[in-house]
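To keep things clear, I will list the structure first and then write my remarks on it.
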Amino acid sequence: MRYFDLHCDTITACERNGYRLYENPLQLSLSGADVYRPWFQCFAVFVPDDLRGEKASAFFDKVLMFFRKELGDHQENLRQCVCAEDFQRVEREKGCGAVLTVEGGAVLAGELSRISYLAECGVKALTLT
Numbered sequence: 047m048r049y050f051d052l053h054c055d056t057i058t059a060c061e062r063n064g065y066r067l068y069e070n071p072l073q074l075s076l077s078g079a080d081v082y083r084p085w086f087q088c089f090a091v092f093v094p095d096d097l098r099g100e101k102a103s104a105f106f107d108k109v110l111m112f113f114r115k116e117l118g119d120h121q122e123n124l125r126q127c128v129c130a131e132d133f134q135r136v137e138r139e140k141g142c143g144a145v146l147t148v149e150g151g152a153v154l155a156g157e158l159s160r161i162s163y164l165a166e167c168g169v170k171a172l173t174l175t
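Shown next as structure tokens:
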């Protein structure tokens, strides 16, 4: 069976609380979800409501660096999916496909040009609120 979860804040909660994505006490961990292989997860960078402007952008960058480190540390079973071929590869290799999203338009810091930056980072969805 295939699983595709459209939203979790786990990547943000891990970064903020010093947890690792593989093993943590949160609702989602790579080790706990191992039984679902292959599976796909939209990992949302949740930008707190009290962050605006450059602080919101800097927060995203901090969580992005954590996300990338986790991808590197778990590349045997965790892959960022940005195109159809990535999804197909995850399915073949029976891993976890990670889709990066952002929850909160404050990440744009009032500049629509930042949408291009988010796309370059592999962000596939952005909720405005």
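Here the working numbering is used: the first residue of the sequence shown is 47, the next is one more, and so on. Glycine included, C-beta positions come from ideal geometry on N, C-alpha and C.
Between the Cα of His53 and the Cα atoms of Gln87, Ala104, Ser75 and Lys108, which residue gives the shortest distance?
-> Of Gln87, Ala104, Ser75 and Lys108, the residue nearest in Cα terms is Gln87.
Pairwise C-alpha distance: Ala144 and Phe133 = The alpha-carbon atoms of Phe133 and Ala144 are separated by roughly 9 Å.
Does the Cβ of Ser103 have 16 or more other Cβ atoms within 10 Å, making it buried, or fewer, making it exposed?
-> Ser103 comes out buried.
Cβ pair count under 8 Å reaching 3, the stretch 98-115 against the stretch 53-66 = Contact holds between the stretch 98-115 and the stretch 53-66, because three or more Cβ pairs, one in each stretch, are under 8 Å apart.
Give the single residue among Val128, Asn123 and Gly156 whose Cα lies nearest to the Cα of Lys140.
-> When the alpha-carbon of Lys140 is set against those of Val128, Asn123 and Gly156, the nearest one is in Asn123.
Cβ neighbours of Ala171 in the same chain (closer than 6 Å, five flanking residues each side left out) | These residues qualify, in order along the chain: Thr147.
Where Glu149 falls, given that 16 or more other Cβ within 10 Å makes a residue buried | Classification for Glu149: buried.
The alpha helix (DSSP H) spanning Thr58 covers which residue range?
-> Counting along the chain, Thr58 sits inside the alpha helix (DSSP H) bounded by residues Thr56 to Asn63.
With burial defined as no fewer than 16 other Cβ atoms inside 10 Å of the residue's Cβ, what is the status of Thr56: buried or exposed?
-> Note on Thr56: 16 or more other CB atoms within 10 angstroms of its CB, so buried under the neighbour-count rule.
Taking Gln121 as the reference, which of Ala165, Leu76 and Ala130 has the closest Cα?
-> Taking the Cα of Gln121 as reference, the smallest distance to any Cα among Ala165, Leu76 and Ala130 is reached at Leu76.
Taking the alpha-carbon positions, what's the Val81 to Tyr68 distance?
-> Those two C-alpha atoms are separated by around 13 Å.
Check Val81 in the structure and name its three-state DSSP category.
-> Three-state result, Val81: helix.
Cβ of Val136 within 9 Å of Cβ of Phe105?
-> No, Cβ-Cβ distance for Val136 and Phe105 is not below 9 Å.
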